[in-house]
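**Q** In this note's numbering, the protein residues as written are 55 to 212.
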Amino acid sequence: MELKFYNDLLHDYVEKYTLSKEQLKFVRSPGNNIEIAKYNKQRYPVLGFDNEICVSFFVLDMESEFKEQFEVMDAVYLRSFSTDYRYLRRGYARQMLTCAPKFIHEHFPDIKYIALLVDDPNIHVQTLYQKAGFTIGKQIKGERYDGHLMYYEIVKGL
């Protein structure tokens, strides 16, 4: 798995990236996230590739609207984490979560934690994050649903 920050040369990969209606209940599309990131320089879209196929996506948000509610300091908010619908259940989500801490540490060495919000209706994803080493934090009101903040200590995971 290779992680790359989005740039315009990767536009075609984003255009082909497919999310189901069910996935879109919980995340914004990569295209939508990239459009937001054009105007919000604290957001960094990241694509995950397996043998030159874009299989996963997330955004690193340095100034999340939930930051004041984080229970840890020096955290980056990981948002809109998804796997292309055509490549679900092949282990790519787990691979992305394994690669993300090192990638974040290489590019943002002052960041000590990954924070994310799991919507309560999306319970199977909460299990995925727990298996990847994330711990459950407090419940908060999310953009669409109530959910739980979850955290991963980067230094511990390297």
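The beta-carbon is built from N, C-alpha and C at its ideal position, and this holds for glycine as well.
1) Do you know whose CA, among Tyr199, Asp173 and Glu207, lies nearest Asp164's CA?
2) Is the beta carbon of His202 sitting closer than 7 Å to the one on Ile190?
3) First and last residue of the alpha helix (DSSP H) that includes Glu89?
4) According to DSSP, simplified to helix, strand and coil, what is Val81?
5) Given that a residue counts as buried once 16 or more other Cβ atoms are within 10 Å of its Cβ, and exposed if not, what is Ser74?
6) In terms of residues, what are the limits of the beta strand (DSSP E) holding Met204?
7) Take Leu151 and list the residues in its own chain whose beta-carbon comes closer than 6 Å to its own, dropping the five residues that flank it on each side.
8) DSSP three-state label for Ile165, please.
9) Under 7 Å Cβ to Cβ from Asn176, same chain only, skipping five residues before and after it: list those, please.
10) Do Ile107 and Pro99 have their CB atoms nearer than 7 Å?
11) What is the rounded straight-line gap between the Cα of Asp128 and the Cα of Ile168?
12) Using the C-alpha atoms, what's the distance from Leu170 back to Phe103?
**A** Checking against the coordinates, here is how it stands:
1) In the sequence shown, residue 164 corresponds to position 110, counting from 1. Here the closest residue by C-alpha is Glu207.
2) Looking up residue 202 in the sequence shown gives position 148. Looking up residue 190 in the sequence shown gives position 136. Yes, these two residues count as a Cβ contact at 7 Å.
3) Taking the sequence shown and counting its residues from 1, one reaches residue 89 at position 35. Where Glu89 is concerned, the enclosing alpha helix (DSSP H) stretches over Pro84 to Tyr93.
4) In the sequence shown, residue 81 corresponds to position 27, counting from 1. Coil.
5) Taking the sequence shown and counting its residues from 1, the one referred to as residue 74 is at position 20. Ser74 is exposed by the Cβ-count criterion.
6) Taking the sequence shown and counting its residues from 1, the one referred to as residue 204 is at position 150. Going by DSSP, Met204 is part of the beta strand (DSSP E) stretching over Asp200 to Glu207.
7) Position 97 of the sequence shown, counted from the first residue, corresponds to residue 151. So the list reads Ala186, once near-sequence residues are dropped.
8) Working through the sequence shown from its first residue, we reach residue 165 at position 111. Residue state, collapsed to three classes: coil.
9) Mapped onto the sequence shown, residue 176 falls at position 122. Within the same chain, Asn176 has close Cβ partners Phe80.
10) Residue mapping note: residue 107 aligns to position 53 of the sequence shown, counting from 1. Residue mapping note: residue 99 aligns to position 45 of the sequence shown, counting from 1. Their beta carbons are not under 7 Å apart, which means Ile107 does not touch Pro99 by this criterion.
11) Within the sequence shown, numbered from 1, the residue matching residue 128 stands at position 74. Within the sequence shown, numbered from 1, the residue matching residue 168 stands at position 114. Each residue's Cα considered, the two are about 9 Å apart.
12) If you number the sequence shown from 1, residue 103 lands on position 49. If you number the sequence shown from 1, residue 170 lands on position 116. One C-alpha to the other measures close to 21 Å.
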